[in-house]
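According to my numbering, the residues represented by the sequence shown are 1 to 121, in order. A virtual CB, placed ideally from N, CA and C, is assigned to each residue, including glycine. One structure is given below, encoded as structure tokens.
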Amino acid sequence: MLKEFKQFIERGNVIDLAVGVIIGGAFTNIVNSLVTNLINPLIGLFIGKIDLSNLVVKVGGATFRYGSFINTVINFLIIAFIVFLLVKAVNKVTKPQPAPAQPSAEDYLKDIRDLLQAKNN
Numbered sequence: 001m002l003k004e005f006k007q008f009i010e011r012g013n014v015i016d017l018a019v020g021v022i023i024g025g026a027f028t029n030i031v032n033s034l035v036t037n038l039i040n041p042l043i044g045l046f047i048g049k050i051d052l053s054n055l056v057v058k059v060g061g062a063t064f065r066y067g068s069f070i071n072t073v074i075n076f077l078i079i080a081f082i083v084f085l086l087v088k089a090v091n092k093v094t095k096p097q098p099a100p101a102q103p104s105a106e107d108y109l110k111d112i113r114d115l116l117q118a119k120n121n
């Protein structure tokens, strides 16, 4: 079992996934900082302060902070839009990779012909 686990971990896609998760975590911090420290204050200049965290509803002993939830949704939308713009910019800068050439029917027929000739010889 240990050998199988080692083979699983050594596969390239697992390592690529791990690197992606680590980079994604670091990128999340950058984007959150961008939104919190630059974009929200900029928006605040035009529409006023957008801190809704003081909006609460108390029912019995429970406090529902729906304003904090609304703030989180707004931040998510801003972050999603920023990521969209970044991906769009990266796609514009990077060159598209050409699709690998698909073998034609003639290529398959040639392979079959070669195999039959090899078998008959």
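Contact check for T63 and V73: beta-carbon distance about 19 Å, past the 8 Å limit, so the pair fails to qualify. For the pair G20 and N40, the Cα-to-Cα distance works out to about 27 Å. Sixteen is the threshold: since fewer than 16 other Cβ atoms of the shown chains lie within 10 Å of the Cβ of V59, the residue is exposed. With three or more CB-CB distances shorter than 8 Å, the region 75 to 90 counts as touching the region 15 to 33. The residue from V83, R11, G61, I70 with its alpha-carbon nearest to that of F27 is V83.
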